[in-house]
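Peer 1: Residue numbers (our numbering): 73 to 144.
Below is a structure I'd like to ask you about.
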């Protein structure tokens with residue numbers, strides 16, 4: 073259960089930053105474009121961090137001691 077807490081914590085931070093970007097982007101003709109770019113950047117960074125974090129916690133290929141001992 074401990075591995076889920078950082079993922080949820082960082083998700084809350086990213087959602088807070090997305091809300092701030094929605095509120096604090098200045099008015100203008102490119103407001104929607106800037107807001108979308110900032111939100112997509114935050115979402116992409118979060119997904120990359122989450123995939124990397126989960127891959128370190130639960131690797132697909134585990135280490136095997138037998139293959140290490142064979143070469144010595």
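Note that CB positions come from ideal geometry on N, CA and C, so glycine has one too.
(1) Kindly indicate which residue of 120, 105, 130, 103 has the alpha-carbon position closest to the one of residue 82.
(2) Helix or strand or just coil, what does DSSP make of residue 133?
(3) Provide the residue span of the alpha helix (DSSP H) that contains residue 97, from first to last.
(4) Taking CB distances under 7 Å as the criterion, tell me whether residue 81 reaches chain B.
(5) For residue 78, does the three-state DSSP call read helix, strand or coil?
Peer 2: Per the coordinate set shown:
(1) 120
(2) coil
(3) Careful: residue 97 lies outside any alpha helix (DSSP H) and carries neither H nor E.
(4) As a matter of chain content, chain B is missing from the structure shown, which is built from one protein chain.
(5) helix
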